[in-house]
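Student:
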Amino acid sequence: MSITRSTGRLCAAAALVCAGTPALAADDARVQDLADRMAQLVKMVQQLDGEVRTLKTENEALRAQAKRTEARVQAVPAAAEPAPAAPRPLDNVNLWGYGELYAMDPVHDRNLAQADLARAVFGIGYQFNADTRFNSEYEIEHAVTSAGDAGEFEVEQFYIERALGPDMSLQVGLLLMPMGFLNENHEPTHFYGVQRNFVETLIIPSTWREGGVKLGGTTAAGLRWSLGLTTAPDVAKWDFTPEFVPYRTALELENNGIGPLQATHQELSLARGRNLGQFVALDYLGVNALRLGASAFTGQAGRVAAGLPEQRTTLWEAHGRWNPGAWQLSALVAQGTISNTGPANRLFPGSAHPMPARFDGWLVEAAYDRLWQSGDWRLAPFARYERYDLSAAYDGLAPGFGSRPTAPLPTADGGTAYYPYAQDRVATMGAHLYLTQGIVFKVDYQYFRTNTNFSRLDFGLGVAFN
């Protein structure tokens with residue numbers, strides 16, 4: 001029933017009631033007014049009824065149109081997904097690098113002061129897939145590499161790494177030996193001092209690399225482990241008869257390959273492959289801010305000359321580091337041996353540079369990482385005390401001859417100098433000023449207890465990025 005029809009009947013009933021009531025009939029004016037108002041109300045209701053009918057019609061039309069549109073959309077085939085963009089050649093390439101330069105001032109003979117761009121190293125890596133990557137590092141030492149200069153161009157790392165699971169991987173190629181603090185992490189922002197400490201230069205020949213294969217991983221208990229098979233040092237490279245005094249300063253001591261393994265490791269440069277070495281390394285990281293570890297290497301090292309017995313080179317080390325708050329407290333001990341040095345030394349009686357049967361060293365170091373800090377700037381003082389001994393034991397020295405000549409020997413610049421002692425105790429004090437995380441200015445003073453003329457003041461700049 002429509003709103004208009006219902007309202008009309010209501011009005012008619014109201015009029016009959018009014019007409020049949022004497023009181024209402026007597027008052028014609030009031031009745032007429034009521035009737036007029038009721039008529040207006042009926043008219044308004046009729047208009048409202050018409051508008052409702054119109055809206056209903058329009059709503060039904062919109063619904064029909066929506067259904068037709070939906071049907072047309074469903075009839076159109078879905079657009080194909082856009083093809084993924086082809087990978088660009090450099091998307092999987094990784095680049096990194098580091099370098100250091102320094103100035104050294106021997107306080108007892110400033111004529112020997114030197115400045116050096118010690119090394120510039122650039123790394124290139126490639127990620128083949130989620131499990132396989134390639135890493136390499138290329139180093140330029142002493143700024144200029146040519147036949148007439150001291151500089152060298154070296155390949156420091158070159159290997160493929162394959163993940164064998166979430167906690168294990170295999171590396172094959174030219175590898176860094178996992179020994180000590182520095183050998184695998186030797187960027188200038190990772191160690192204290194303008195130059196690397198002597199124990200991890202002369203005893204552990206950082207940066208020590210050999211060709212081979214390494215298997216490594218971690219455990220849920222915080223144990224990091226690695227073991228491998230590599231090329232070994234070659235004792236035939238030892239120089240028993242140096243033409244000149246091999247070093248006159250602490251800088252030359254570090255740079256001139258004086259350490260037994262510095263002088264004999266092969267670096268995969270036409271390396272003899274008949275004799276192989278083995279290594280194992282362990283680090284416990286299961287306690288917060290604490291690292292305890294040890295490693296060992298041993299391998300047949302050939303012979304000095306035909307007819308002499310085979311020799312073996314062995315090196316072991318143990319280390320610990322604790323980082324309570326801003327402090328870093330470190331200690332390391334290392335010892336190396338070379339077997340059958342007696343017959344080799346007897347072949348060169350009176351040698352100015354006999355081959356040691358044992359060499360060793362240790363260090364302790366304390367550093368405070370944030371003595372002062374403002375934004376990225378940060379000041380970190382440190383102190384280190386270390387002992388190295390490249391002549392801890394000898395076999396086969398000729399009667400009347402020691403491990404060190406007592407008379408002056410020629411130098412490369414035409415003069416003469418006494419052969420330095422092969423053992424010393426060195427105290428180092430200094431500070432690092434970090435401009436930002438990858439840039440550090442360094443200064444330190446080193447006091448040599450035995451070779452006192454080696455004492456020096458050093459300044460350095462180190463840069464590292466990845």
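Going left to right, the sequence shown walks through residues 1 to 466 as this note's numbering numbers them.
Glycine included, every Cβ here is placed at the ideal spot set by N, Cα and C.
1) Counting C-beta neighbours from all protein chains within 10 Å, is the total for P22 16 or more, i.e. buried, or is it exposed?
2) Can you tell me where the alpha helix (DSSP H) holding E252 begins and where it ends?
3) In chain order, which alpha helix (DSSP H) runs of at least 4 residues are fully inside the stretch 298–386?
4) Going by CA-CA distance only, name the one from L270, A281, A236, Y247 that's closest to L261.
5) Between which two residues does the alpha helix (DSSP H) containing T477 stretch?
6) Please report the Cβ distance between A271 and T231, rounded to the nearest whole angstrom; I am assuming they are in contact, meaning their Cβ atoms lie under 8 Å.
7) How would you call G375, buried or exposed, if buried means at least 16 neighbouring beta carbons within 10 angstroms?
8) In the structure shown, what three-state DSSP assignment does V172 receive?
9) Three or more C-beta pairs under 8 Å: does that hold for the stretch 252–269 against the stretch 213–233?
10) Where does G462 fall in DSSP's three states?
11) Can you name, in chain order, every residue of its own chain whose Cβ lies under 7 Å from the Cβ of N275, other than the five neighbours on each side?
12) Checking 7 Å against the spacing of the C-beta atoms, do P381 and Y394 come in under that value?
13) Assuming contact is defined by CB atoms lying nearer than 7 Å, are K442 and G415 in contact in what I supplied?
14) Mind pulling the beta strand (DSSP E) runs of 3 or more residues that sit fully within the stretch 133–208?
15) When the Cα atoms are used, what is the spatial distance from D239 to H142?
16) Could you give the distance in angstroms between the alpha-carbon of G165 and the alpha-carbon of N92?
17) Where do the N-terminal and C-terminal ends of the beta strand (DSSP E) with P89 fall, by residue?
18) Can you say whether A25 is buried or exposed, counting buried as having 16 or more other CB atoms within 10 angstroms of its CB?
19) Please identify the residue among S226, R384, E210 whose C-alpha is closest to the C-alpha of M429.
Tutor: So, from the listed chains and residues:
1) Against the sequence shown, residue 22 aligns to sequence position 22. Only weak support is given to the placement of P22: the predicted model assigns it a pLDDT of 47, under 50, and the value that follows is read from those uncertain coordinates. Its Cβ having fewer than 16 others within 10 Å, P22 is exposed.
2) Reading the sequence shown from its first residue, position 252 is the one you call residue 252. Note, E252: alpha helix (DSSP H), 250–255.
3) For the stretch 298–386, whole alpha helix (DSSP H) runs of length 4 or above, ordered along the chain, are 341–346.
4) Sequence index remark: in the sequence shown, residue 261 carries index 261 (1-based). Measuring C-alpha to C-alpha distances from L261 to each of L270, A281, A236, Y247 identifies A236 as the nearest.
5) Lying before the first or after the last residue shown, residue 477 is absent from the chain, which here runs from 1 to 466.
6) Counted from its first residue, the sequence shown places residue 271 at position 271. Counted from its first residue, the sequence shown places residue 231 at position 231. With a beta-carbon spacing of about 5 Å, A271 and T231 fall inside the 8 Å limit used to define contacts.
7) Within the sequence shown, the letter at position 375 stands for residue 375. Exposed is the call here.
8) Position 172 of the sequence shown, counted from the first residue, corresponds to residue 172. It is a strand residue.
9) Counting Cβ pairs under 8 Å, three or more are found: they touch.
10) Numbered from 1 along the sequence shown, position 462 holds the residue referred to as residue 462. The three-state reading of DSSP puts G462 in strand, counting E and B together.
11) Translated into positions along the sequence shown, residue 275 becomes position 275. Result list for N275: A232, G299, Q300, A301, G302, in chain order.
12) Numbered from 1 along the sequence shown, position 381 holds the residue referred to as residue 381. Numbered from 1 along the sequence shown, position 394 holds the residue referred to as residue 394. No; because the gap between Cβ atoms is not below 7 Å, this pair is not in contact.
13) Indexing the sequence shown from 1 puts residue 442 at position 442. Indexing the sequence shown from 1 puts residue 415 at position 415. It is not a contact, given that the beta carbons lie outside the stated cut-off.
14) DSSP runs (the beta strand (DSSP E)) wholly in the stretch 133–208: 152–165, 168–176.
15) If you number the sequence shown from 1, residue 239 lands on position 239. If you number the sequence shown from 1, residue 142 lands on position 142. When only Cα atoms are considered, D239 and H142 end up about 23 Å apart.
16) Numbered from its first residue, the sequence shown carries residue 165 at position 165. Numbered from its first residue, the sequence shown carries residue 92 at position 92. Looking at the backbone, the Cα of G165 and that of N92 are separated by about 21 Å.
17) As a working note, residue 89 is residue 89 in the sequence shown. If you look at P89, you'll find it isn't in any beta strand (DSSP E); DSSP assigns it neither H nor E.
18) Stepping through the sequence shown from its first residue, residue 25 is reached at position 25. Per-residue confidence for A25 stands at a pLDDT of 47, beneath the threshold of 50, marking its modelled position as unreliable; no derived number is given.
19) Sequence index remark: in the sequence shown, residue 429 carries index 429 (1-based). For M429, the nearest C-alpha among the options comes from R384.
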